[in-house]
Each structure stands twice: as structure tokens, then as C-alpha cells.
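Participant: Heads up: the sequence shown is residues 207 to 478, going by the working numbering.
All C-beta atoms, glycine included, are put in the ideal place defined by N, C-alpha and C.
Provided herewith is a single structure, encoded as C-alpha cells, for subsequent inquiry.
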Amino acid sequence: MSAKVSRRSLLLALGGIGLLAGCGEDHASWHGGDIPGDSRPGDAASPDPSGSPLVIPPANPPTPGVCPSPGGLGPKGPQYTLPCHGTEIALTVDDGPDPAYTPRMLALLAQQGIRATFCMIGRSAAAHPDLVRRVLDGGHHIANHTFSHPMNIAKLPASAVRAEMAKATDAIAKASGNGYRPTLFRAPGGAWSQTVLAQCGTQGLRALDWTVDPRDWSRPGVQHIVSTILKQTHPGSIILEHDGGGNREQTLTALGVVLPRLRDAGYTFAQP
Ligand SMILES: [Zn+2]
207 MSAKVSRRSL
217 LLALGGIGLL
227 AGCGEDHASW
237 HGGDIPGDSR
247 PGDAASPDPS
257 GSPLVIPPAN
267 PPTPGVCPSP
277 GGLGPKGPQY
287 TLPCHGTEIA
297 LTVDDGPDPA
307 YTPRMLALLA
317 QQGIRATFCM
327 IGRSAAAHPD
337 LVRRVLDGGH
347 HIANHTFSHP
357 MNIAKLPASA
367 VRAEMAKATD
377 AIAKASGNGY
387 RPTLFRAPGG
397 AWSQTVLAQC
407 GTQGLRALDW
417 TVDPRDWSRP
427 GVQHIVSTIL
437 KQTHPGSIIL
447 EHDGGGNREQ
457 TLTALGVVLP
467 RLRDAGYTFA
477 QP
């Protein structure tokens, strides 16, 4: 699990949790400040050239290509892609629900006719049950993204992992008003471990990862988000975005540019 350690080191080096430091290490206090979103190392954020016009690269044609290789946790590891031989891609939206940004994300997706998967933090779902219901009413799916978004769930003992998952499922089910229980689990930061995967199995959750990550949570600039998604998306891609955890203006602006272009290129949006 050294890769996960280096992920944390990188996040620290990037200053991605700089604001969090002011809140102490207790992740329970992330509300009101940025939280490091769900990214893996190796794709450092680049600043937005201030004032520069947006350069929009063309979307890749949705022609069958080489399937991305799965991650390193073996055949029982998380799902990184959809089937890569068709036109399907998936949009996943993490770290909500958030009263400022989730409604705007829902409006954008409705306008574009796109259904996504919202990976919700259980504690936030409990705080905003109206948003949970609005997400479901929009035809979107909800995945379990832990109850409190721990910094590194891969390092937690099984009992804590079990509680994070179970509490989130219960919170989402209660908030939904109709007993909706997620069937997907996304580890915060992609911090998978055999313990996490085993608990997914025990709790009837499929482990869901991603393949396209513009690190929108770090606010790298609209240009970076747009370029990364359009250049890296191929059939089967699972795109990672965020509607909570901090200011998501860049995310919303970028998706407003990207989503119609992906759709017009022939991609269809599926739910894993
Ligand atoms: Zn997250």
C-alpha cells in the first residue's frame, strides 16, 4: 500500500489540504473549507492562464480502442472502466450533496439530458435529505462515499471501515425517503485496500474507481479541466468530478463546455 502513502505525500506536497490544516487533522471539520478530492498521484494541477481564452480540444471519436488496464489490486479490485468497446462513458460526481453546487449540477445535467452517479458523503446526505431526493428524482444513482470522508480509509481497521460504509448507507437510505440503498462504493481518494474491498463484499457494495481525473477539486483552472476530460475520455471512461468539498465554480463551468461536446461526439452516458 506504499502507493497510497505516496498519494498522501503528494497531496500534502501540492498543498491540496493546505486549507484543511487550519481545521486540524480531524476530517470531521472539513465543512466550510476545501477537502482534498478524489485523485491519484501523477497528475499535478496546472494553473489557469488568467484571462486567456478557453482552448477547447476536440473530443476523441468514440471508436473502440485499447481497454485501459485495470488497477493493481487484482481481479477482485475496484471497477475502473465501463466496457470499452461501445460508446458508453460515465460521469461520477463526488463529495456532495452540497446546497450551493448540487442543485446547479442537477440543472446542468438535466439541461444536457445526462444521468450521472453521485458519490455522496453520508454525513452530508443526512444534513441535506432534500438534495438526496432531488438527485434520485433526476434519475441519477447514488454511491456510498463513506460517512465522514476519512483521509485514508485504506489505513483504517476493519471495524472502522465497516462503520463508515454502514453509516453512510443508512444515512442515504433514510434521507432518500424511499429506502434507497447504494450498490456502489467509492473510496475517498481511491484509497483501496483488501480490507476495504472485503467490506464492500460483505455489505453488498461494488467498488467503483475512475479513469479520467482532471483534479477539479484542486481548482486547476477551467482550461485544465476541459482539456483533461476531452483529451483523455475514450469509450469506457469513468470521469471523476466533484459537487462538494469546496468551491466548484470551475467544475460547473468546465462541464458546461465538455458535456455537450462529448455527447455530440457520439458518447452515451451510462451508470456503472
Ligand atoms: Zn471524495
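Can you tell me which of Thr401, Gly407, Thr352 puts its alpha carbon nearest to the alpha carbon of Asp244?
Facilitator: Thr352
Participant: Which residues does DSSP list as the beta-bridge partners of Asn350?
Facilitator: Met326, Phe391
Participant: Per DSSP, which residues does Leu414 bridge with? Please list them.
Facilitator: Answer is Gln285.
Participant: Is the beta carbon of His347 less than 7 Å from the beta carbon of Pro303?
Facilitator: no
Participant: Per DSSP, what kind of secondary structure is Asp419 in: helix, strand or coil?
Facilitator: coil
Participant: Here's a check: name, in chain order, each residue in its chain whose Cβ is nearer than 8 Å to the Cβ of Pro309, leaving out the five neighbours to either side.
Facilitator: Leu337, Arg340
Participant: Are the CB atoms of Leu315 and Ala306 within a distance shorter than 7 Å?
Facilitator: no
Participant: Between Val464 and the rest of its own chain, which residues show a CB-CB distance below 7 Å, the 5 nearest in sequence each way excluded?
Facilitator: Val432, Ile435, Leu436
Participant: Apart from the five residues just before and just after Ala331, which ones in its own chain have a Cβ nearer than 7 Å to its Cβ?
Facilitator: Pro303, Val338, Ala377, Ile378, Ala381
Participant: Over what stretch of residues does the alpha helix (DSSP H) that includes His448 continue unbroken?
Facilitator: Taken as a continuous stretch (DSSP letters only), His448 belongs to no alpha helix (DSSP H), being part of the beta strand (DSSP E) at 444 to 448.
Participant: Provide the residue span of the alpha helix (DSSP H) that contains Val367, from first to last.
Facilitator: 364 to 382
Participant: Taking only runs of the alpha helix (DSSP H) that begin and end inside the region 445 to 476, which ones reach a length of at least 4 residues, in chain order?
Facilitator: 455 to 470
Participant: With DSSP collapsed to three states, give me the class of Asp301.
Facilitator: coil
Participant: Closer than 6 Å to a non-hydrogen atom of ligand 1 - does that hold for the CB of Pro394?
Facilitator: At least one heavy atom of ligand 1 is nearer than 6 Å to the Cβ of Pro394, so yes.
Participant: Am I right that Gln456 and Val428 are in contact with their C-beta atoms under 8 Å? What's the rounded C-beta distance?
Facilitator: 5 Å
Participant: Thinking C-beta only, is Arg412 closer than 7 Å to Leu390?
Facilitator: yes
Participant: Just verifying my parser: in three-state terms, what is the DSSP assignment at Ile435?
Facilitator: helix
Participant: On the DSSP bridge list, what partners appear for Ala296?
Facilitator: Ile444
Participant: Whose CA, out of Asn266, Ser365, Thr287, Asp300, lies closest to the CA of Trp423?
Facilitator: Residue Asp300 is the option with its Cα nearest to Trp423.
Participant: By a C-beta neighbour count over all protein chains shown, 10 Å radius and 16 as the cutoff for buried, is Gly442 buried or exposed?
Facilitator: Burial is judged here by how many other beta carbons sit within 10 angstroms of a residue's own beta carbon; Gly442 has at least 16 and is buried.
Participant: What is the rounded straight-line gap between the Cα of Gly230 and the Cα of Val402?
Facilitator: Since pLDDT at Gly230 reaches only 25, below the 50 mark, its modelled position is unreliable, and the value read off the structure follows with that caveat. Spanning the two alpha carbons is a distance of roughly 25 Å.
Participant: Quick one: is Asn350 buried, meaning 16 or more other Cβ sit within 10 Å of its Cβ, or exposed?
Facilitator: buried
Participant: For Thr417, which residues from the same chain have a beta carbon less than 7 Å from its beta carbon, with the 5 sequence-adjacent residues on both sides left out?
Facilitator: Pro274, Tyr286, Thr287, Ser443, Ile444
Participant: Compute the Euclidean distance between the alpha carbons of Met357 and Gly396, then round it to the nearest angstrom.
Facilitator: 11 Å
Participant: For Ala313, is the classification buried or exposed, using 16 other Cβ atoms within 10 angstroms of its Cβ as the cut-off for buried?
Facilitator: exposed
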